[in-house]
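Undergrad: If you use this note's numbering, the sequence shown closes out at 406, no skipped numbers anywhere.
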Amino acid sequence: MNQELLLQLFIDKPGEYVSGENISQELGVSRTAIWKHIRKLEAAGYQFEASRRLGYRLLSIPDMLSVVKLENQLQGNIFGQHIHYFETVESTQNLARAAAEEGALEGTLFVAEQQVKGRGRMGRGWISPRGKGIWMSMVLRPSVPIHFAPQLTLLTAVALCRSLKRLTGLPIGIKWPNDLLIEGKKISGILLESAAEDERLRYVIAGIGISVNLEEADYPAELLEKATSLRISGQQKWSREEVIADFLKEWEQLYFLYQEQGFSPIVTLWEALSVSLGKTVRLTTPQGELVGIPIGLEESGAIRIQLEDGSIKPVFSAEMGEPL
Ligand code: BTN
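Given below as structure tokens:
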């Protein structure tokens, strides 16, 4: 049976039930075949209501990202200059990395409706349900030494935070190094993976996950305490095309500012948006645990921690706990 013809029957009767008998007659198929196709459409993001007596009613169609709409809204020159769009992928990171190895240009972007093996930092997974968020990876080719890579992560967090705050008006802040939080709950994640040769970065794959229109039901119960979305916090849906376009513009501007003026303007912007400074926290570093007060960023991207004895220690990599 042609799935599109089945869908058309529902689209022609918005909000109404279409009986199984009616569908059988129109399309010349059995009730079982109809049920199977409805299940397939549900798996693709369409929502139906089923009634034993009345048949099926189409409740909603999936929210698909439009590349044409996105391209019309782009304002930069480099970021997003080539866009590759997919419905379902394992992880956009893998696609971007393979393309970078093949010579993809800086700013080449991979966006997916859904990731089935989304990756987070520290070997964690990343929940990426269909049509609800922004799951994307972009190829960067910065001409900086490899030890500058953490600066790019912080820069990306600053660009995303500034853009999302401007668009949504929500109270978004950055938790070191690069988590964006609303009232303590995470709304986005940034994962930079790089390839280097002779101390220079060959390319960086910047992976960005933004929980835009996820609803509470999209999260496993244990994550709801720690994670939220723009929709849950702002009580409205947002256009994913608009969010991507605005972020890419901000990100490209900061990236060029960084290439021209170095990291210090980014440090100032990061510190202004940070929710991590001035509160005593526990840090789990590869060398062990320490307790102290984050007081600022170093040029290297490390965070400066004031320890209980008053001394100051730069920390390069750690998991930062909640304020004590
Ligand atoms: C984090 O742990 O906070 C980072 C999460 C990064 C998720 C994004 S979604 C797009 C890209 N593809 C992935 O598999 N991960 C990143």
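We put the beta carbon where it would ideally sit given N, CA and C, even for glycine.
Put residue 275 into one of helix, strand or coil per three-state DSSP.
TA: Reduced to three states, the DSSP call for residue 275 is strand.
Undergrad: According to the Cβ coordinates, are residue 69 and residue 373 closer than 8 Å?
TA: Given a span of 83 to 406 for the chain in the structure shown, any question on residue 69 remains unanswerable.
Undergrad: Using 10 angstroms around the beta-carbon of residue 161, count the other beta-carbons present and answer buried if the total reaches 16, otherwise exposed.
TA: Buried, by the Cβ-count rule.
Undergrad: Which residue marks the beginning of the alpha helix (DSSP H) containing residue 384, and which one marks its end?
TA: Residue 384 -> no alpha helix (DSSP H), and no H or E assigned at all.
Undergrad: Quick check: residue 92 and residue 140, are their CB atoms within less than 8 Å of each other?
TA: In this structure, residue 140 lies closer than 8 Å to residue 92 by Cβ.
Undergrad: Note down, in chain order, each residue of its chain lying with its Cβ closer than 7 Å to the Cβ of residue 308, except the 5 sequence neighbours on either side.
TA: So the list reads 267 and 268, once near-sequence residues are dropped.
Undergrad: Does the separation of the CB atoms of residue 169 and residue 195 fall below 8 Å?
TA: It is a contact, given that the beta carbons lie within the stated cut-off.
Undergrad: Let me make sure I understand the geometry here. Which of 181, 206, 103 and 379 has the alpha-carbon closest to that of residue 353?
TA: Nearest C-alpha to residue 353: 379.
Undergrad: What number of angstroms, rounded off, separates the C-alpha of residue 125 from the C-alpha of residue 392?
TA: So the two alpha carbons sit approximately 57 Å from each other.
Undergrad: Would you say the region 229 to 237 touches the region 381 to 392, given that touching needs at least three Cβ pairs under 8 Å?
TA: Yes: at least three Cβ pairs fall under 8 Å.
Undergrad: Between residue 265 and the rest of its own chain, which residues show a CB-CB distance below 6 Å, the 5 nearest in sequence each way excluded?
TA: Here the set comprises nothing.
Undergrad: Beta-carbon within less than 8 Å of residue 175's beta-carbon, same chain only, minus the 5 sequence neighbours each way: which residues are those?
TA: These residues qualify, in order along the chain: 201, 219, 273, 275, 287 and 289.
Undergrad: Whose C-alpha, out of 103, 191 and 96, is nearest the C-alpha of residue 129?
TA: Checked all of 103, 191 and 96; the closest Cα to residue 129 is 96.
Undergrad: Any contact between the region 297 to 307 and the region 319 to 339? By contact I mean 3 or more CB pairs, one from each, below 8 Å.
TA: Judged by Cβ distances under 8 Å, the region 297 to 307 makes no contact with the region 319 to 339, as fewer than three pairs qualify.
Undergrad: Which residue or residues does DSSP assign as beta-bridge partners of residue 402?
TA: Bridge partners of residue 402: 365.
Undergrad: Quick one: does the C-beta of residue 246 sit closer than 7 Å to a heavy atom of the ligand BTN?
TA: Incorrect: residue 246 has no Cβ contact closer than 7 Å to the ligand BTN.
Undergrad: Does any heavy atom of the ligand BTN sit closer than 7 Å to the C-beta of residue 352?
TA: No - the ligand BTN has no heavy atom lying nearer than 7 Å to the Cβ of residue 352.
Undergrad: Measure how close the beta-carbons of residue 408 and residue 221 come, nearest whole angstrom, since I'm counting them as under 8 Å.
TA: Outside the modelled stretch of the chain, which goes from 83 to 406, sits residue 408, for which no answer is possible.
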